[in-house]
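**Q** Just passing along the structure, written as structure tokens.
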Amino acid sequence: MKIIRETLSICPECKQQINATVFEQDDTIYLKKTCPEHGEFEDVLANNSKYYLWRRNYHHDSKETVQDPEVTFNNGPYSSYGGKFDLKGCPYDCGICENHKSATCICLIDVTNRCNLKCPICFANANVTGFVVEPTMEELRAIMEHFRGTKPMPPVAIQLSGGEPTVREDLPDIIKMAAKLGFTHRMITTNGLKFTDIDYLKEIIDAGMNATYMQWDSVTDPDVYKQTRGKDLLEKKMKIVENMRELGYRDLALVPTIARGVNDQEVGPILDFAVQNQDVVSCIIYQPISLCGRITREEVRRMRYNASDLFADIDKHTNNIFNGRFYPIPTLSNFVKLVTWFEGQEAFEMTSHEDCGFATIGVVEVDPKDRMKNKLHSIDEYFDVDKFVQSADTVWEFLKKNNLEHKPEIFKKLLGITSTGEKIGSFLDGISHTLLRKGMKYGLYASAIRNLKLTELIANPNKIRNFFNTIQKLGNIIRDPRWDAAANFLRDQALLVSCMHFQDAYNIDTERVSRCLVHYGYYDRELKRVFRVPFCTMNTIHRERVERKNAQYQEQKIPVEIITPQ
Ligand code: SF4
Ligand code: SF4
Numbered sequence: 006m007k008i009i010r011e012t013l014s015i016c017p018e019c020k021q022q023i024n025a026t027v028f029e030q031d032d033t034i035y036l037k038k039t040c041p042e043h044g045e046f047e048d049v050l051a052n053n054s055k056y057y058l059w060r061r062n063y064h065h066d067s068k069e070t071v072q073d074p075e076v077t078f079n080n081g082p083y084s085s086y087g088g089k090f091d092l093k094g095c096p097y098d099c100g101i102c103e104n105h106k107s108a109t110c111i112c113l114i115d116v117t118n119r120c121n122l123k124c125p126i127c128f129a130n131a132n133v134t135g136f137v138v139e140p141t142m143e144e145l146r147a148i149m150e151h152f153r154g155t156k157p158m159p160p161v162a163i164q165l166s167g168g169e170p171t172v173r174e175d176l177p178d179i180i181k182m183a184a185k186l187g188f189t190h191r192m193i194t195t196n197g198l199k200f201t202d203i204d205y206l207k208e209i210i211d212a213g214m215n216a217t218y219m220q221w222d223s224v225t226d227p228d229v230y231k232q233t234r235g236k237d238l239l240e241k242k243m244k245i246v247e248n249m250r251e252l253g254y255r256d257l258a259l260v261p262t263i264a265r266g267v268n269d270q271e272v273g274p275i276l277d278f279a280v281q282n283q284d285v286v287s288c289i290i291y292q293p294i295s296l297c298g299r300i301t302r303e304e305v306r307r308m309r310y311n312a313s314d315l316f317a318d319i320d321k322h323t324n325n326i327f328n329g330r331f332y333p334i335p336t337l338s339n340f341v342k343l344v345t346w347f348e349g350q351e352a353f354e355m356t357s358h359e360d361c362g363f364a365t366i367g368v369v370e371v372d373p374k375d376r377m378k379n380k381l382h383s384i385d386e387y388f389d390v391d392k393f394v395q396s397a398d399t400v401w402e403f404l405k406k407n408n409l410e411h412k413p414e415i416f417k418k419l420l421g422i423t424s425t426g427e428k429i430g431s432f433l434d435g436i437s438h439t440l441l442r443k444g445m446k447y448g449l450y451a452s453a454i455r456n457l458k459l460t461e462l463i464a465n466p467n468k469i470r471n472f473f474n475t476i477q478k479l480g481n482i483i484r485d486p487r488w489d490a491a492a493n494f495l496r497d498q499a500l501l502v503s504c505m506h507f508q509d510a511y512n513i514d515t516e517r518v519s520r521c522l523v524h525y526g527y528y529d530r531e532l533k534r535v536f537r538v539p540f541c542t543m544n545t546i547h548r549e550r551v552e553r554k555n556a557q558y559q560e561q562k563i564p565v566e567i568i569t570p571q
């Protein structure tokens, strides 16, 4: 047994904070913890220790201090339990606390807990909890303004979730408000049922939805939906894709929740489906199921499906196209900061823990006559990703070390004896900084070109068209680093194949949650302020208490079940 690291977790029974150890044994990575009252718990984090250890190379911590506007307003730490200065330690002090290590990358808001389905695997909708909680427009505005007021990196991506967001009639207004407040990337998490109505789908797209995260548990087996969602939805899902195709909408993200023994056999067919429908599907976000409720240790062992299982299944299905190279989210941390810096745009950081999320880019060779014959390649066939990432890291570290990322004040200081001199100096400082950014940008282009796998391409001329397309789109991201440019990249012959492994009471790890970048925002109706809670602690610890309390203050009482699924 080899200890990898020590951390903190919680007891799945009493939810008290306890010590935990991550260790390697027989090519498997485990998390083990002992509660003084409820005994020992052990869970498998990865079935492939080589891969687990490889991804640790991509660990990146934020060097910025994350400032929460509410903490500033309220003058001090204030956990979501409401106890000012009464802090209990991670993961109980969320709100967000001053020990949190990542800025918000995605602001997530549940716009309702009502739903038009009763999924057996869902623990959060009103049909299960027995109460409705739904923020008002004013509360939603307060939450959005809170996030946009975060310094130094206000998030530009928002995810409107639930329950089922489309049951709210004012959803188009909520999306428009998010756009107005500066969220440039507006995602809707949905079961998609209402998008079978093409007019409604168009209304939501026109309102500004620029990514759709849709539950997508199977493409072949109606019984899977019966187990995961309570009814067969396969035909409806296919209809939604057709509606999107008809509208020319290309930002569908398939979100399969993968449960061992239920739909792990669907991992490959879902990938094939995405490749065949690449004109509509821009990415897949596989989500290994979180284990909820009280289950025995044997059941945890039997049901656990983790990221390493997923990648093994993908590699097996694709005959090793990706060869295990699923990059952890922080891989691109410095690259993203660099490209936003080139254009003086709002920066964002991707410094989640390397055990949280993974992605790779598939390049789709499109058959113009028959999309069923589209072929999938890996970006690694075209491009040395590791070397390119290293170049971006080196450039960013150089800028930081030499304090070059901010506009200098050299000329301003030199000429600033008069106010006119100060203005001229500031102007010259601006020009020199722009020149520096442009120079660095072309340096990164050059590095991208240097890292192309040209010999491989020359040997495979059929890849050349894809190659030019891919490089051109990558260049666009460097030139115009917005979420839009990234979305464009994925729309045209690229497919993001990714995984977000949400935590549960069995595997929660404070090293991970304290670096979470998906932050759940809610308005506390008793304390009259916004809280920002890392998503995995919200689901594992805080959600029930927070929602129950807010439901008591729900002014407009809404019946729990408002829609009967067709
Ligand atoms: S998860 Fe983050 S915000 Fe919550 S207690 Fe831990 S460090 Fe603080
Ligand atoms: S939501 Fe969970 S899995 Fe995702 S980054 Fe946050 S802590 Fe990690």
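Read in order, the letters of the sequence shown correspond to residues 6 to 571 in this note's numbering. The C-beta atom is built at its ideal place from N, Cα and C for all residues, glycine as well.
1) Measure the alpha-carbon distance for R234 versus L257 and round it to whole angstroms.
2) In the structure shown, what three-state DSSP assignment does C99 receive?
3) State the DSSP-derived secondary structure class of I422, mapped to helix, strand or coil.
4) In the DSSP assignment, the alpha helix (DSSP H) including N132 goes from what residue to what residue?
5) Around the C-beta of G253, are 16 or more other C-beta atoms found within 10 angstroms, so that it is buried, or is it exposed?
6) Can you have a look at G197 and say buried or exposed, based on whether 16 or more other CB atoms are within 10 angstroms of its CB?
7) Buried or exposed: N324, going by 16 or more other Cβ atoms within 10 Å of its Cβ?
8) I'd like to confirm the pairing. Which residues does DSSP put opposite S503 in its beta bridges?
9) Nearest by alpha-carbon distance to M243: which of N339, K7, I203 is it?
10) Give me the DSSP bridge partner(s) of L337.
11) For a quick check, are the C-beta atoms of E354 and L522 less than 9 Å apart?
12) Return the chain-ordered list of same chain residues with a C-beta closer than 7 Å to the C-beta of F200, the five sequence neighbours on each side being excluded.
13) Go to A317, then tell me how far its beta strand (DSSP E) extends in each direction, as first and last residue.
14) According to the neighbour-count rule (16 or more other Cβ atoms, all chains shown, within 10 Å of its Cβ), is N544 buried or exposed?
15) Report all residues from its chain with a CB closer than 7 Å to the CB of L315; omit the five preceding and five following residues, and keep chain order.
16) Is there contact here, the stretch 36-49 with the stretch 526-538, by at least three beta-carbon pairs under 8 Å?
17) Compare the Cα-Cα distances from T117 to each of K241, V344, I193 and report the closest residue.
18) For Y218, which residues in the same chain have their Cβ closer than 6 Å to its Cβ, ignoring the five residues on either side in sequence?
19) Going by DSSP, what residue range makes up the alpha helix (DSSP H) through T399?
20) Helix, strand or coil: which one does DSSP assign to I126?
21) Can you tell me which of the three DSSP states N555 falls into?
22) Can you tell me which of the three DSSP states M149 falls into?
23) Going by Cα to Cα distance, which pick from V400, T12, Q22 is closest to F28?
24) On the three-state DSSP scale, how would you describe C16?
25) Under a Cβ-count criterion, where at least 16 other Cβ atoms within 10 Å of its own Cβ denotes burial, should Q21 be classed as buried or exposed?
26) Compute the distance between the beta-carbons of Q281 and M377, then report whether it is under 9 Å.
**A** Inspection of the coordinates gives the following:
1) For R234 and L257, the distance between alpha carbons rounds to 20 Å.
2) DSSP, read as helix, strand or coil, puts C99 in coil.
3) In the structure shown, I422 sits in coil (DSSP, three-state: anything other than H, G, I, E or B).
4) 131-134 is the span of the alpha helix (DSSP H), which, as asked, contains N132.
5) Result: exposed.
6) Buried: at least 16 other Cβ atoms inside 10 Å.
7) A residue is called buried once 16 or more other Cβ atoms fall within 10 Å of its Cβ, and N324, having fewer, is exposed.
8) Note: S503 sits in a beta bridge opposite I290, A364.
9) Closest option to M243, Cα to Cα, is I203.
10) None, per the DSSP bridge assignment.
11) Annotated as proximal: E354 and L522, with beta-carbon spacing under 9 Å.
12) Contacts found: L206, I245, N248.
13) Per DSSP, A317 belongs to no beta strand (DSSP E); it is in the alpha helix (DSSP H), 312-322.
14) With 16 or more other Cβ atoms within 10 Å, it is buried.
15) The answer, listed in chain order, is I263, V272, Y291, P293, C504.
16) Contact fails: fewer than three Cβ-Cβ distances are below 8 Å.
17) It is I193 whose Cα lies nearest to the Cα of T117.
18) Once the five neighbours on either side are set aside, the close Cβ partners of Y218 are M192, T194, A258, V260.
19) Counting along the chain, the alpha helix (DSSP H) containing T399 begins and ends at 390-406.
20) In this structure, I126 counts as coil in the three-state DSSP scheme.
21) The answer is helix: DSSP assigns N555 an H, G or I state.
22) Judged by DSSP in its simplified three-state form, M149 adopts helix.
23) From the listed residues V400, T12, Q22, the smallest Cα separation to F28 is found for T12.
24) C16: coil per DSSP, three-state reduction.
25) So Q21 counts as exposed.
26) Contact: yes.
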